[in-house]
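What follows is one structure encoded as structure tokens, with my remarks underneath.
There are 2 protein chains.
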Amino acid sequence: MTKTTKSLREDPVRHIVWRGSRLDVLDQRLLPRRVKYVSCRTAADVAKATKDMVLRGAPLIGCAAAYGMALAARRNRLKDVLAAEPVLRRARPTAVNLMHALDHMLAVARNGDERSLSKRMSAAAVRYYRDDLAYNETMALLGAKLLKKGSRVITHCNAGALATAGIGTAVGMIRAGFLTGKVSHVYPCETRPYLQGSRLTLWELMQAGIPATLITDNMAAHLMKTRKIDAVIVGSDRIAANADVCNKIGTYGLAILAKHHGIPFYVVAPSTTVDLKTPTGERIPIEERSSAEVVSVLGAPIAPKGARAHHFAFDVTPHRLVTAIVTERGVVAPADGRTLKKVLSHR
Amino acid sequence: MTKTTKSLREDPVRHIVWRGSRLDVLDQRLLPRRVKYVSCRTAADVAKATKDMVLRGAPLIGCAAAYGMALAARRNRLKDVLAAEPVLRRARPTAVNLMHALDHMLAVARNGDERSLSKRMSAAAVRYYRDDLAYNETMALLGAKLLKKGSRVITHCNAGALATAGIGTAVGMIRAGFLTGKVSHVYPCETRPYLQGSRLTLWELMQAGIPATLITDNMAAHLMKTRKIDAVIVGSDRIAANADVCNKIGTYGLAILAKHHGIPFYVVAPSTTVDLKTPTGERIPIEERSSAEVVSVLGAPIAPKGARAHHFAFDVTPHRLVTAIVTERGVVAPADGRTLKKVLSHR
Numbered sequence: 001m002t003k004t005t006k007s008l009r010e011d012p013v014r015h016i017v018w019r020g021s022r023l024d025v026l027d028q029r030l031l032p033r034r035v036k037y038v039s040c041r042t043a044a045d046v047a048k049a050t051k052d053m054v055l056r057g058a059p060l061i062g063c064a065a066a067y068g069m070a071l072a073a074r075r076n077r078l079k080d081v082l083a084a085e086p087v088l089r090r091a092r093p094t095a096v097n098l099m100h101a102l103d104h105m106l107a108v109a110r111n112g113d114e115r116s117l118s119k120r121m122s123a124a125a126v127r128y129y130r131d132d133l134a135y136n137e138t139m140a141l142l143g144a145k146l147l148k149k150g151s152r153v154i155t156h157c158n159a160g161a162l163a164t165a166g167i168g169t170a171v172g173m174i175r176a177g178f179l180t181g182k183v184s185h186v187y188p189c190e191t192r193p194y195l196q197g198s199r200l201t202l203w204e205l206m207q208a209g210i211p212a213t214l215i216t217d218n219m220a221a222h223l224m225k226t227r228k229i230d231a232v233i234v235g236s237d238r239i240a241a242n243a244d245v246c247n248k249i250g251t252y253g254l255a256i257l258a259k260h261h262g263i264p265f266y267v268v269a270p271s272t273t274v275d276l277k278t279p280t281g282e283r284i285p286i287e288e289r290s291s292a293e294v295v296s297v298l299g300a301p302i303a304p305k306g307a308r309a310h311h312f313a314f315d316v317t318p319h320r321l322v323t324a325i326v327t328e329r330g331v332v333a334p335a336d337g338r339t340l341k342k343v344l345s346h347r
Numbered sequence: 348m349t350k351t352t353k354s355l356r357e358d359p360v361r362h363i364v365w366r367g368s369r370l371d372v373l374d375q376r377l378l379p380r381r382v383k384y385v386s387c388r389t390a391a392d393v394a395k396a397t398k399d400m401v402l403r404g405a406p407l408i409g410c411a412a413a414y415g416m417a418l419a420a421r422r423n424r425l426k427d428v429l430a431a432e433p434v435l436r437r438a439r440p441t442a443v444n445l446m447h448a449l450d451h452m453l454a455v456a457r458n459g460d461e462r463s464l465s466k467r468m469s470a471a472a473v474r475y476y477r478d479d480l481a482y483n484e485t486m487a488l489l490g491a492k493l494l495k496k497g498s499r500v501i502t503h504c505n506a507g508a509l510a511t512a513g514i515g516t517a518v519g520m521i522r523a524g525f526l527t528g529k530v531s532h533v534y535p536c537e538t539r540p541y542l543q544g545s546r547l548t549l550w551e552l553m554q555a556g557i558p559a560t561l562i563t564d565n566m567a568a569h570l571m572k573t574r575k576i577d578a579v580i581v582g583s584d585r586i587a588a589n590a591d592v593c594n595k596i597g598t599y600g601l602a603i604l605a606k607h608h609g610i611p612f613y614v615v616a617p618s619t620t621v622d623l624k625t626p627t628g629e630r631i632p633i634e635e636r637s638s639a640e641v642v643s644v645l646g647a648p649i650a651p652k653g654a655r656a657h658h659f660a661f662d663v664t665p666h667r668l669v670t671a672i673v674t675e676r677g678v679v680a681p682a683d684g685r686t687l688k689k690v691l692s693h694r
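What follows is the structure in structure tokens.
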């Protein structure tokens with residue numbers, strides 16, 4: 001194990017903890033002020049925690065769903081698993097990792113004896129989680145190689161350890177970059193309305209000792225024009241077959257701004273994020289959440305009573321605005337959608 | 348007076364009230380929750396209210412500064428006025444209307460008898476305020492003509508009645524547009540960090556009965572891609588001689604996004620906003636405010652303790668991204684900076 005790999009694995013965030021009969025989930029809505037866990041004893045509990053944003057981040061949602069299926073299997077009854085699956089599937093419609101995890105766990109459930117169901121599902125969920133960790137490590141090291149020495153980077157939302165089994169996708173690449181001298185400074189966008197950037201990403205960066213300066217989402221363009229910005233690095237919730245990238249609201253705008261300023265735009269996501277069944281980004285359903293989450297910040301109202309608001313949770317960045325997609329299977333320049341298919345073909 | 352003009356003048360916001368011996372200023376930081384006035388009895392009081400954002404908006408800052416100079420003249424001593432001028436000038440470095448108002452009031456002070464100083468300055472401040480109102484009305488009607496019927500528009504920050512003597516610049520054009528069937532729906536960006544969009548602009552629009560839906564700053568690109576958006580309309584704090592536009596942070600990004608989607612980008616500002624002494628936008632000083640205003644929202648912390656943050660208050664939009672500048676003297680397509688000079692030449 002290299003020094004960088006070792007450092008990457010240090011201080012994993014204990015944000016989902018599998019206890020065999022329950023899954024303890026760190027309530028990310030309370031970070032960085034409070035560290036509190038929500039105990040999930042059923043698949044419905046996991047679905048609720050996912051829907052309510054106790055946990056978030058596409059890869060982590062996938063891991064939690066796998067454990068949710070393991071919880072549904074505890075009485076060794078296949079019908080419980082089959083009943084739990086659609087409940088989990090509805091929790092967050094945009095994250096394809098969720099669909100991938102459920103498909104995988106369904107296949108495991110059906111492929112064997114009902115008496116061993118709980119044991120097999122539990123083992124499969126743990127394996128799914130460990131695979132995500134390993135993917136993150138590979139992507140972090142592959143991605144860091146793309147950066148030039150001393151890069152100043154912008155990131156959006158939280159594609160960090162908290163969004164995955166650990167290490168992180170975009171933030172994993174940034175961490176590996178920092179450990180190898182490729183990253184010198186990070187500007188996380190605060191990421192309204194949920195403020196994942198200021199609450200979670202900045203917190204992770206500060207924990208890791210990486211120099212970071214918070215910006216509001218609307219400062220990115222000014223920063224790109226007036227300071228040296230070498231890269232924008234983000235995660236993804238779903239990537240279409242043509243390499244269009246769905247990610248947290250604001251990503252598409254950042255990609256346009258990066259293009260305008262000639263700054264490379266990198267997407268870091270495990271291959272489970274790629275949905276070959278979705279031909280283009282236009283076909284990805286964009287979750288619309290409650291407007292209450294926009295007209296208030298941390299519960300405090302910021303708009304007049306009766307105000308209307310849109311709350312698009314995600315947007316789609318066309319592949320022509322993406323410089324490269326970093327997966328655990330390799331780096332893809334997505335100008336040509338076929339490349340992505342090829343890289344993923346032996347999945 | 349046409350019906351539109353009459354409607355435009357209805358319900359002026361009582362946000363600065365001249366009482367002869369004091370200026371009562373509506374505390375915009377508390378809107379829309381509370382209506383409270385701050386009494387300014389000296390020029391220093393006005394400077395403090397301006398610096399502390401009790402009042403904001405470049406044209407309004409100019410009007411308040413004119414009244415501040417009138418307050419300084421109350422003892423009929425020119426030296427008081429000369430001493431007050433630099434105190435007011437330092438209050439907000441970016442707003443050129445402030446500089447314009449002070450230059451104008453200094454000229455008034457010097458042009459006459461010291462015994463009549465207070466009387467002359469008071470009358471000049473009232474005239475300055477009324478001129479701004481008249482400019483707004485002219486711009487609103489000129490600007491509305493640029494729009495096509497039933498337009499859906501995005502605006503940023505607050506360039507409304509609250510930012511001016513009344514009626515507003517960008518919001519004035521929107522109001523005139525609504526009254527003439529040119530505007531069907533408005534999307535104000537919330538405008539972090541101060542939330543002028545959600546707190547002030549949305550409030551003004553709702554008061555005027557104009558259909559409006561709030562968006563976070565990072566939703567604008569998605570909205571431009573997925574819905575019909577016909578125009579972006581903003582105000583300005585200073586326009587350079589080459590027609591580069593300085594305005595609230597986030598404006599430059601919006602202009603790039605508008606260009607990318609082929610959407611016209613309009614700037615509405617009185618000719619006092621144009622600073623012919625500043626050759627290009629790069630020469631405009633960008634105010635950097637306290638990072639405390641970014642790491643918290645309405646006083647509640649949103650980032651880890653000890654977090655660093657940038658707080659650029661403004662940015663500069665190059666003139667090639669601006670479709671037209673609407674002034675009270677006419678509409679300028681700024682691709683050619685000389686046009687601007689020509690329109691303003693008989694000022």
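Keeping their order, the protein sequence lines are chains A and G. Numbering-wise, my numbering puts 286 at position 286 of the first sequence, and it's gapless, one number per residue. Numbering-wise, my numbering puts 357 at position 10 of the second sequence, and it's gapless, one number per residue. We put the beta carbon where it would ideally sit given N, CA and C, even for glycine.
Task: The alpha helix (DSSP H) enclosing G/Gly677, as first and last residue numbers - done: To locate residue 677 of chain G, count along the second sequence from 1; it is residue 330. Element bounds for G/Gly677: not the alpha helix (DSSP H) but the beta strand (DSSP E), Gly677 to Val679.
Task: Sub-7 Å separation of A/Leu60 and A/Thr138 beta-carbons - done: One-based indexing of the first sequence puts residue 60 of chain A at position 60. One-based indexing of the first sequence puts residue 138 of chain A at position 138. Not in contact: A/Leu60 and A/Thr138 (Cβ atoms no closer than 7 Å).
Open item on the list: I'd like the span of the beta strand (DSSP E) that includes A/Tyr252, first residue to last.
Closed with: Working through the first sequence from its first residue, we reach residue 252 of chain A at position 252. Boundaries around A/Tyr252 are those of the alpha helix (DSSP H), Thr251 to His260, since no beta strand (DSSP E) includes it.
Open item on the list: Our contact map puts G/Gly544 next to G/Ala523 with C-beta atoms below 8 Å; I'd like the distance itself, whole angstroms only.
Closed with: The residue labelled residue 544 of chain G in the question sits at position 197 within the second sequence. The residue labelled residue 523 of chain G in the question sits at position 176 within the second sequence. G/Gly544 to G/Ala523, Cβ: 20 Å. No contact.
Task: Unbroken alpha helix (DSSP H) run spanning G/Tyr476, endpoints - done: Here residue 476 of chain G corresponds to residue number 129 of the second sequence, with the count starting at 1. It spans Leu464 to Ala491 - the alpha helix (DSSP H) in which G/Tyr476 sits, taken as one unbroken run.
- [ ] Compare the C-beta of G/Phe659 with all C-beta atoms of chain A and state if any pair is closer than 7 Å.
- [x] Position 312 of the second sequence, counted from the start, is the residue given in the question as residue 659 of chain G. Under the Cβ distance rule, G/Phe659 counts among the residues neighbouring chain A, one pair being separated by less than 7 Å.
Open item on the list: Is it buried or exposed, A/Val316, if we count other Cβ atoms within 10 angstroms and call 16 or more buried?
Closed with: Counting from 1 along the first sequence, the entry for residue 316 of chain A is found at position 316. Of the residues assessed, A/Val316 falls on the buried side of the cut-off, its CB having 16 or more other CB atoms within 10 angstroms.
Task: Start and end residues, alpha helix (DSSP H) containing G/Ile562 - done: Here residue 562 of chain G is taken as the residue at index 215 of the second sequence, counted from 1. Premise fails: G/Ile562 is in no alpha helix (DSSP H) and is neither H nor E.
Task: Contiguous alpha helix (DSSP H) assignments of at least 4 residues, all confined to the stretch 350-428 of chain G - done: Look at the stretch 350-428 of chain G and you find these whole runs of alpha helix (DSSP H), each 4 residues long or longer: 350-356, 390-398 and 405-419.
Task: Residues within the stretch 152-177 of chain A neighbouring chain G, beta-carbon criterion of under 7 Å - done: Within the stretch 152-177 of chain A, no residue has a Cβ that lies closer than 7 Å to any Cβ of chain G.
TODO: Enumerate in chain order the residues of its own chain whose CB-to-CB distance from G/Val642 is below 8 Å, with the five nearest sequence positions on each side excluded.
DONE: Taking the second sequence and counting its residues from 1, one reaches residue 642 of chain G at position 295. The beta carbon of G/Val642 sits closer than 8 Å to the beta carbons of Pro648, Ile649, Ala650, Ala654 and Ala656 from its chain, once the five residues preceding and following it are set aside; these are given in chain order.
Task: From G/Ile521, G/Leu509 and G/Asp564, residue whose alpha carbon lies closest to that of G/Val530 - done: On the second sequence, residue 530 of chain G is found 183 positions in, with the first residue counted as 1. Nearest in C-alpha terms to G/Val530, of all of G/Ile521, G/Leu509 and G/Asp564, is G/Ile521.
Open item on the list: Which of the three DSSP states is assigned to G/Gly628 in this structure?
Closed with: Here residue 628 of chain G corresponds to residue number 281 of the second sequence, with the count starting at 1. In the structure shown, G/Gly628 sits in a helix (DSSP, three-state: H, G or I).
Task: Reference A/Arg127, options A/Val268, A/Ala43, A/Val322 and A/Cys63, closest by Cα - done: Looking up residue 127 of chain A in the first sequence gives position 127. For A/Arg127, the nearest C-alpha among the options comes from A/Cys63.
- [ ] Kindly give me the distance between the Cβ atoms of A/Leu71 and A/Cys40, rounded to whole angstroms, as I take these residues to be in contact under 8 Å.
- [x] Here the question's residue 71 of chain A lines up with position 71 in the first sequence. Here the question's residue 40 of chain A lines up with position 40 in the first sequence. Going by Cβ atoms, the distance from A/Leu71 to A/Cys40 rounds to 7 Å, so yes, they are a contact pair.
Task: Under 8 Å from the C-beta of A/Gly253: neighbouring residues of chain G - done: Taking the first residue of the first sequence as 1, we reach residue 253 of chain A at position 253. In chain order: Asn565, Ala567, Ala568, His569, Gly600 and Leu604.
TODO: Return yes when the Cβ of A/His222 is within less than 7 Å of the Cβ of A/Cys189, no when it is not.
DONE: Taking the first sequence and counting its residues from 1, one reaches residue 189 of chain A at position 189. Taking the first sequence and counting its residues from 1, one reaches residue 222 of chain A at position 222. Between A/Cys189 and A/His222, the CB-CB gap reaches or exceeds 7 Å.
- [ ] Return the first residue and the last residue of the alpha helix (DSSP H) that A/Ala170 is part of.
- [x] Your numbering for residue 170 of chain A matches position 170 in the first sequence. Counted as a single uninterrupted DSSP element, the alpha helix (DSSP H) harbouring A/Ala170 occupies residues Ala170 to Leu179.
Open item on the list: Using a Cβ-Cβ distance cut-off of 7 Å, determine whether A/Ala43 contacts chain G.
Closed with: Along the first sequence, one-based indexing puts residue 43 of chain A at 43. Any Cβ of chain G closer than 7 Å to the Cβ of A/Ala43 would place that residue at the interface, and such an atom is absent.
TODO: Check the Cβ-Cβ distances between A/Arg14 and every residue of chain G, and say whether any is below 7 Å.
DONE: As a first step, residue 14 of chain A must be located in the first sequence, where it is residue number 14. No, A/Arg14 does not count as interfacial toward chain G.
Open item on the list: Pull the bridge partners of G/Asn444 from the DSSP assignment, please.
Closed with: Here residue 444 of chain G is taken as the residue at index 97 of the second sequence, counted from 1. For G/Asn444, which the question treats as bridged, DSSP gives no partner whatsoever.
Task: Counted within 10 angstroms of its Cβ, other Cβ atoms place G/Thr598 as buried (16 or more) or exposed - done: Within the second sequence, numbered from 1, the residue matching residue 598 of chain G stands at position 251. The residue is buried, with at least 16 neighbouring Cβ atoms inside 10 Å.
Task: Distance between G/Gly582 and G/Leu355 (C-alpha atoms, nearest Å) - done: Working through the second sequence from its first residue, we reach residue 355 of chain G at position 8. Working through the second sequence from its first residue, we reach residue 582 of chain G at position 235. Going from the Cα of G/Leu355 to the Cα of G/Gly582 covers about 18 Å.
TODO: For G/Glu640, name the three-state secondary structure that DSSP assigns.
DONE: Translated into the one-based positions of the second sequence, residue 640 of chain G becomes position 293. Reduced to three states, the DSSP call for G/Glu640 is helix.
Open item on the list: Run through chain G and tell me which residues come within less than 8 Å of A/Thr388, C-beta to C-beta.
Closed with: Here chain A comprises residues numbered 1 to 347, so residue 388 of chain A is not present and cannot be evaluated.
Task: Inter-residue spacing [alpha-carbon to alpha-carbon] between G/Glu608 and G/Arg477 - done: Here residue 608 of chain G refers to the residue found at position 261 when the second sequence is read from its first residue. Here residue 477 of chain G refers to the residue found at position 130 when the second sequence is read from its first residue. Here residue 608 of chain G is His; the residue named in the question, Glu, does not match the sequence. Cα atoms of G/His608 and G/Arg477: separation of roughly 38 Å, rounded to the nearest angstrom.
Task: Burial state of A/Val17 (16 or more Cβ within 10 Å) - done: If you number the first sequence from 1, residue 17 of chain A lands on position 17. Counting C-beta atoms within 10 angstroms of its own C-beta, A/Val17 has fewer than 16 neighbours from the protein chains shown and is therefore classed as exposed.
- [ ] Within the same chain, show all residues whose beta-carbon is closer than 8 Å to that of A/Arg347, passing over the 5 residues directly before and after it, in chain order.
- [x] Numbered from its first residue, the first sequence carries residue 347 of chain A at position 347. With a pLDDT of only 48 at A/Arg347, under the threshold of 50, the placement of this residue in the model should not be trusted; the figure read from the coordinates follows. For A/Arg347, where only same-chain residues beyond five positions count, the Cβ hits under 8 Å are Ser271 and Arg329.
Task: Segment contact, 8 Å Cβ cut-off, at least three pairs: the stretch 561-568 of chain G with the stretch 232-247 of chain A - done: The stretch 561-568 of chain G, when compared against the stretch 232-247 of chain A, does not touch it at the 8 Å Cβ threshold.
Task: contact_flag[the stretch 23-41 of chain A, the stretch 199-206 of chain A] where n(CB pairs < 8 Å) is 3 or more - done: The way I'd put it, the stretch 23-41 of chain A does touch the stretch 199-206 of chain A; three or more beta-carbon pairs between them come closer than 8 Å.
TODO: Give me whichever residues DSSP pairs with G/Thr573 in a beta bridge.
DONE: By 1-based counting over the second sequence, the position of residue 573 of chain G is 226. Under the DSSP definition of a beta bridge, G/Thr573 lacks any partner.
Task: Within-7 Å CB hit, A/Ser122 to chain G - done: Reading the first sequence from its first residue, position 122 is the one you call residue 122 of chain A. Taking Cβ atoms only, chain G never reaches closer than 7 Å to A/Ser122, which makes this a no.
- [ ] Out of G/Gly497, G/Gly367, G/Thr674 and G/Ser638, point me to the one whose CA is closest to G/Ser465's CA.
- [x] Against the second sequence, residue 465 of chain G aligns to sequence position 118. Minimum Cα-Cα distance from G/Ser465 among the listed residues G/Gly497, G/Gly367, G/Thr674 and G/Ser638 corresponds to G/Gly367.
Open item on the list: Does A/Ser290 pass the burial test, meaning 16 or more other C-beta atoms within 10 Å, or should it be called exposed?
Closed with: The sequence position of residue 290 of chain A within the first sequence is 290, counting from 1. Label assigned to A/Ser290: exposed.
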